Amino acid sequence: MDFHFEPVGREHLPMLAEWLRRPHWQEWWGEPGPELSYIRDMIEGRDTTRPSIFHIRGEPMGYIQCWFIGDHQSEPWTTHYPWLAELPNDAAGVDLSIADSENLSKGIGSSVLRTFVARLVADRWRTVIIDPDPRNVRAVRAYEKAGFRAIPELVGKSGDSLIMRYASENSKQD
């Protein structure tokens, strides 16, 4: 699959608001209002996270973001997510959601993630993590397929997150 990653701008906010209202998003992301506010902070420069829309054949298919661990290793982040202090400060984290529920379990997420992470690694990010809710079995499987594995020393120490680290040798092509 050939993907295009487009940085999120103000023009994407209505589409993202609609996506965030979908049940398969709310189950893992939470209420649309606060989440959209966080994305607005990103595009207006108050948060260093880099949000993107990914496209397949010109169609917007989902959302992916890259965030920087070092920017989140202080209060209030470490109070809510103490596992952040256990990661290298030069690591990057990623988050991903597929726009339409009918596109789940089709290999899109793992393919997009593999491509996106390859670009991060090419940009010299040595450690890339993702932190799904372990109850989101579909996401965990997709992330494993993309090359992520649970960090053993953090299993059971990260609350409602499964902290997974990327290793290219674990990646499986679709």
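Just so we're aligned, residue 72 is where the sequence shown starts under my numbering, counting upward by one. Note that CB positions come from ideal geometry on N, CA and C, so glycine has one too. Only a predicted model underlies this, so the values are computations on that prediction, with no experimental measurement involved.
Would S196 and D161 be called neighbours here (beta carbons separated by less than 9 Å)? It is worth fixing the name first, because residue 196 is Trp in this sequence and not Ser. The answer is yes: Cβ separation under 9 Å.
Where V226 falls, given that 16 or more other Cβ within 10 Å makes a residue buried: Exposed, because fewer than 16 other Cβ atoms sit within 10 Å of the Cβ of V226.
With respect to the alpha helix (DSSP H) encompassing R93, which residues constitute its N-terminal and C-terminal limits? In this chain, R93 is not harboured by any alpha helix (DSSP H), its DSSP state being neither H nor E.
Reduced DSSP secondary structure (H/G/I, E/B, other) of G141: Of the three classes helix, strand and coil, the one that applies to G141 here is helix, per DSSP.
Report the option in R206, F187, D231 whose CA atom is closest to the CA atom of Y237. Measuring from the Cα of Y237, the nearest candidate turns out to be F187.
I'd like to check one pair, D171 with Q136: are the Cβ atoms closer than 9 Å? No, the pair does not count as a contact, with Cβ atoms beyond the cut-off.
Tell me the residue span of the alpha helix (DSSP H) that contains D166. That residue, D166, is in no alpha helix (DSSP H); its beta strand (DSSP E) goes 163 to 169.
Answer yes or no: do R209 and L175 have a C-beta to C-beta separation smaller than 9 Å? Contact: yes.
What residue does the beta strand (DSSP E) around H126 start on, and which one ends it? Note, H126: beta strand (DSSP E), 121 to 127.
Where A238 falls: helix, strand or coil (DSSP): Correct three-state label for A238: coil.
Applying the criterion that 16 or more other CB atoms from any shown protein chain within 10 Å of the CB defines a buried residue, is H246 buried or exposed? No statement about residue 246 is possible, as the shown extent of the chain runs from 72 to 245 and does not include it.
Count the other C-beta atoms from every protein chain shown that fall within 10 angstroms of the C-beta of T149, then say buried if there are 16 or more, exposed otherwise. Taking a 10 Å sphere around the C-beta of T149, we find fewer than 16 other C-beta atoms and assign the residue as exposed.
In whole angstroms, give me the CA-to-CA distance for R206 and G230. Approximately 12 Å, taken between the alpha carbons.
Please return the same chain residues whose Cβ sits closer than 7 Å to the Cβ of I179, not counting the five positions on each side in sequence. The residues M132, I169, in chain order, have a CB closer than 7 Å to that of I179 in the same chain once the five nearest residues on each side in sequence are set aside.
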